[in-house]
Each structure stands twice: as structure tokens, then as C-alpha cells.
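Remarks on the structure that follows.
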Amino acid sequence: MFLTAMAGNPVAQQSARDLGVEISWVGWASAAVVPGLVSLPVVPWVMSKIYRPTVVKTPEAGEAARAQLRESGPMSRREWIMASTFVLLLILWCLGDVLNIDATTAAFAGAAIATGAPPLFAALVFGFIGSLFGGLAHDSSGPAGVIYGSGYVKTSELFRIGFVMSIVNIAIWTSVGGLWMKVIGVW
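Just so you know, the UniProt record's numbering puts 164 at position 164 of the sequence shown, and the rest follows in order with no gaps.
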């Protein structure tokens, strides 16, 4: 849902900028918020149906987390500095356009624009697709490689689930996302 959520998104943003299409952090978030919020409950639900979890209840998780926090103690000065720096960087990234701090832009927008697609809509769609297909295959994103490399999921299973989830994501982001972007005037 956020421009800064995946390394490829700013690359997509810069590619769009190179083609004359400007995508701000707020613009990206505005276009992605509704389909993203629909995806939040739907994707885990679909995954739980096709890939049954082995652990379904963890009543002790909350207490275990509280015990770990008690054991860790209060945040140190260095931890506060790091947390503050993170928040500051996030704010600067979000307000980059307002503050004239360049982040970077979009991927295949040129072909879409050449075929008559509205430039901003095309740039956003291609940018979103890059994030959505991070789980399609064992080499499609950094986390996918870690999951595959652990041996926990077989290659055939990863491709099967990746295919099913790509269909779910395409359905949500083309129907809900397309309608939402029409409502907010992206196209």
C-alpha cells in the first residue's frame, strides 16, 4: 500500500518520472489504500484455505511477548535514537515531494502510455504489480528466497500457491483497485 514498502516501488516511481508521470508518496498511498485494505483479510484467509496452518491457536503468545519485554527492560538511549531516526526518515520519505527530497519512480509505463492508458493509472498499476508478485516464485523477492531456501516449502507447492495468490491479487487489485482509482480520479 505504501511507496516505501518495497525496494522496487521507488524504482517504479522513478521510471514513471522519467516518462513524465509524477507519483507522490501520498498519491501512491491514496490509490493503493482501498485494494490494500481489502487484501489484508482476503489474502490470509485464502492462504489458510489452500495451505492449512499447523498451529491455529497461541493463547500463550501474548504473555510470552510481555515476558520478553520485561526481560529486555526499558529502551536504552541508543534504541531511542534509532527509533527517532527511523520515524524522522519515514516522515521525510512521506513528505519528500513537499520538502523537495527526491526518492525515485515507475517501470513499464511507457508501453501502457503508448497504447493509450492514462499515464498515472498505468504507472501506478505497474508499480503495484511489482509488489504483488513478490510471492509468485522462489526468486521473485528476497523473503521468497528465504522461505524457499529454508526447505519448509517445496518448489512445486510454492509455485502452486504463488499462482493461486496471483489470481487473488489480480482479482482484488483490478476490480476494487480499478474502481477505487476511478472514484478518486486517477483515470
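C-beta atoms are modelled at their ideal positions from N, C-alpha and C, and glycine is treated no differently. Since we're looking at a predicted model, the values are computed, not measured.
Roughly how many angstroms separate the alpha carbons of residue i and residue j, rounded to a whole number?
i: V159; j: R66; result: It is worth fixing the name first, because residue 159 is Phe in this sequence and not Val. Distance between the alpha carbons of F159 and R66: 37 Å.
i: T4; j: S84; result: 18 Å
i: G185; j: V26; result: 14 Å
i: V55; j: R17; result: 45 Å
i: A117; j: I50; result: 35 Å
i: V34; j: W45; result: 18 Å
i: F2; j: I91; result: 13 Å
i: T58; j: Q14; result: 43 Å
i: V146; j: N9; result: 21 Å
Less than 8 Å separating the beta-carbons of residue i and residue j?
i: F133; j: S175; result: no
i: A12; j: F126; result: yes
i: M6; j: S131; result: yes
i: G162; j: L136; result: yes
i: V21; j: L179; result: no
Looking at the secondary structure, which residues open and close the alpha helix (DSSP H) in which residue i lies?
i: L19; result: Element bounds for L19: n/a, residue is neither H nor E.
i: S166; result: T155 to V183
i: G127; result: P119 to L132
With respect to 7 Å, is the separation between the Cβ of residue i and the closest non-hydrogen atom of the ligand GTP below this value?
i: E63; result: Annotation note on the ligand GTP: not contained in the displayed structure, which lists no ligands.
Exercise. Counting pairs of Cβ atoms below 8 Å between the region 35–43 and the region 56–66, do you hit three or more?
Worked result: Verdict: no, contact absent.
Problem set entry | Runs of alpha helix (DSSP H) lying entirely within the region 12–70, each at least 4 residues, in chain order | List check, alpha helix (DSSP H) in window: 25–50.
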